[in-house]
Each structure stands twice: as C-alpha cells, then as structure tokens.
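Q: In this note's numbering, the protein residues as written are 3 to 241.
From the three backbone atoms N, C-alpha and C, an ideal C-beta is built for every residue, glycine too.
This structure is in structure tokens; I'll ask about it shortly.
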Amino acid sequence: MDKENQNEPSTVDEILRKIEEKAGTGEYIYRGESKHFETVSSNLYRVFLEREDFDIAAEYFDIEAVQKGMLEAAKKYLRRTSSDCELLVEMQHYGGKTNLIDFTTDCFVALFFACDQFGNENGRVICQRKELLSSTIKEPPEPISRVVAQSSVFVRQSEGFIKPDDNDIINIPSEVKLPMLRYLQEIHDISTETIYNDIHGFIRYQDIHLETYVDSYIGLTEAQKGDSENGEPEEISTL
3 MDKENQNEPS
13 TVDEILRKIE
23 EKAGTGEYIY
33 RGESKHFETV
43 SSNLYRVFLE
53 REDFDIAAEY
63 FDIEAVQKGM
73 LEAAKKYLRR
83 TSSDCELLVE
93 MQHYGGKTNL
103 IDFTTDCFVA
113 LFFACDQFGN
123 ENGRVICQRK
133 ELLSSTIKEP
143 PEPISRVVAQ
153 SSVFVRQSEG
163 FIKPDDNDII
173 NIPSEVKLPM
183 LRYLQEIHDI
193 STETIYNDIH
203 GFIRYQDIHL
213 ETYVDSYIGL
223 TEAQKGDSEN
233 GEPEEISTL
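Next comes the structure, spelled out in structure tokens:
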C-alpha cells in the first residue's frame, strides 16, 4: 500500500467505523460509486464528458438547457401530467440520462452501490454535508417503491457535477467488496432484490438469472427424457 494510503480504512470493520463516524452526526448524505469516476457528476454530464469532439469546460455549455429539451420530448410519451421533478426522478431510476446526481440518506445503501459492480476496481462512498448542498437537494416527489427502498435524494447542480473534499471520500478496496456485500445482506437486509425491488430491477439483472434458468430447464428436460425412455414421457415441470 502507498504511504499516502496507509491510514485509509482497508477492512470491512475499518470502513464501517469510518462511515459510521459521519453517519452519527446526522449531517451527511451519501453516494456510492463502484469505481472511481473522473468526476462526481450526473449521468447526463458524463455523456458530454466522454465526447472527444466537445469541450465540456467551455463557458457556453449549459447542461440545464439540454435537460430542458429532453424533458419536453419525454412528456410526449406520458399518459398523465407530471411535474418536471417527478419526470426527472422517474427517468433517473429507470436508466434515463438526467442532470440529477443520486444520493441517499442511508450510508449502508451507499456502501451497497460502492460494492455492487466492477469487482476488480476500487469503489468509493462520497459523503456530503447537507448544509453545503441544501439549495440543490431535491426530495422525491412521490413514493416510487425503488426510491423508498434506496432512501433516495437527488442533487441537481447547474454545472452537472460536484467537487467533494478528499476527507469526505471513503475508498472501498476491490477485495473488500464481496465481504461487504455479504455483511450488508446478513445484517441490514440490503441486497440486489431489496434495492432494485421492482420489475425494472429484475430486467436489469435478467441476463444473470436467465442463464441459470435456461441451464436448469435443459438439465431438467434431459433428466426427464432419461426417466421416460421405457414409458410415456412425463410432463416437464415449470421452474
């Protein structure tokens, strides 16, 4: 470990103590990222950040103007009247690109997101004092089940990003991710099923489940064929 990182928490217990120090004050909201992105930003901002043919630092760049145009287009797909905030929250949680930055009031939910993907890369939890972001924090306008499960709040920065203090970033080493996920499931009942608790969550992870279902069905089919070679074929059970 580098000298500058020697004092960083590197075990499940050390990380929990570090983040619970923040949580104990009641002053923070949290964001979990499963790898160290270039910026702490909205997913819409990252679309422009990744474009090599665009200077995102240009003074004329107005991400809110881009979002306004997309909102007008999205409203044509609705069968009900929604406020801009309601529509943005719905878009965000179903994979759309918005200028909202996801945070949570639950530090353990943030830990889940910091560990959930990119198993070979370090993750991080960003802790932000609520008072520093008070004018940009947006509460969910209605109780969408997944928003409730994730204790979500949203930060809507006009620039599209925030610059957290280094002291408010907790590194999650890659080798700690799996044991941390086990801890969160066993002690806090936080898992894929509880965090993504709707049909959209199942679709997100369908490829993982589908391979298991297909293999199980094929195995069951072959077994039943073997059992019925000397008689009438049995009906194949559904999974």
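Have a look at P11, L18, S12 and E10 and flag the residue whose alpha-carbon is nearest the alpha-carbon of H190.
A: The residue you call residue 190 lines up with position 188 of the sequence shown. Out of P11, L18, S12 and E10, L18 has the C-alpha closest to the C-alpha of H190.
Q: Taking just the CA atoms, how far does T223 sit from T107?
A: Sequence index remark: in the sequence shown, residue 107 carries index 105 (1-based). Sequence index remark: in the sequence shown, residue 223 carries index 221 (1-based). Each residue's Cα considered, the two are about 47 Å apart.
Q: Taking the straight line between their C-alpha atoms, what separation do you get for K179 and K227?
A: Here residue 179 refers to the residue found at position 177 when the sequence shown is read from its first residue. Here residue 227 refers to the residue found at position 225 when the sequence shown is read from its first residue. Cα to Cα, the separation comes out at about 42 Å.
Q: My understanding is that E35 touches G125, with C-beta atoms under 8 Å, so please give their C-beta distance in whole angstroms.
A: Against the sequence shown, residue 35 aligns to sequence position 33. Against the sequence shown, residue 125 aligns to sequence position 123. The pair is a contact, with the Cβ atoms about 6 Å apart (cut-off 8 Å).
Q: Closest to E194 by C-alpha separation, out of V127, K24 and F114, would be which residue?
A: The sequence position of residue 194 within the sequence shown is 192, counting from 1. The residue you asked about is not Glu; residue 194 is Thr in the sequence shown. Checked all of V127, K24 and F114; the closest Cα to T194 is F114.
Q: CB-CB under 6 Å to I245, same chain, minus the five flanking residues each way: which ones, in chain order?
A: Nothing can be reported for residue 245, as the shown portion of the chain is limited to 3 through 241.
Q: Please give me, in chain order, every unbroken run of the beta strand (DSSP E) with length at least 3 that falls completely inside the segment 41-80.
A: Counting only runs of 3 or more, we get nothing.
Q: Grab me the residues of E10's own chain with a C-beta within less than 6 Å of its C-beta, minus the 5 sequence neighbours each way, in chain order.
A: Here residue 10 refers to the residue found at position 8 when the sequence shown is read from its first residue. These residues qualify, in order along the chain: N173.
Q: Using a Cβ-Cβ cut-off of 7 Å (strictly less than) and excluding sequence neighbours within five positions of A76, which residues of its own chain qualify?
A: As a working note, residue 76 is residue 74 in the sequence shown. Counting only Cβ-Cβ distances below 7 Å, and skipping sequence neighbours, we find L89 and M93.
Q: Would you tell me roughly how many angstroms separate the C-alpha atoms of G121 and K37, rounded to the nearest one?
A: For the purposes of this step, residue 121 is taken as the residue at position 119 of the sequence shown. For the purposes of this step, residue 37 is taken as the residue at position 35 of the sequence shown. Rounded to the nearest angstrom, the two C-alpha atoms are 9 Å apart.
Q: Shortest alpha-carbon distance to G26 belongs to which of R131, S43, D168 and E61?
A: Counting from 1 along the sequence shown, the entry for residue 26 is found at position 24. Ranking R131, S43, D168 and E61 by Cα distance to G26 puts R131 first.
Q: Here's the rule: buried if 16 or more other CB atoms are within 10 angstroms of the residue's CB, otherwise exposed. What is Q69?
A: As a position in the sequence shown, residue 69 is number 67, starting the count at 1. Counting Cβ neighbours within 10 Å, Q69 comes out buried, since at least 16 surround it.
Q: Got a sec? Which residues, its chain only, sit under 8 Å from V155 by beta carbon, not counting five neighbours each side?
A: The residue labelled residue 155 in the question sits at position 153 within the sequence shown. I31, F105, T106, T107, I139, K140, E141 and P142.
Q: Give me whichever residues DSSP pairs with Y32 in a beta bridge.
A: Residue numbering aside, residue 32 sits at position 30 when the sequence shown is read from its first letter. Beta-bridge pairing links Y32 to T106 and C129.
Q: Name the DSSP bridge partner or partners of K140?
A: Your numbering for residue 140 matches position 138 in the sequence shown. Answer is F156.
Q: Three-state secondary structure (DSSP) at N169?
A: In the sequence shown, the residue the question calls residue 169 occupies position 167. Helix at N169.
Q: Could you tell me which residues DSSP pairs with I174 in its beta bridges?
A: Indexing the sequence shown from 1 puts residue 174 at position 172. Per DSSP, G125.
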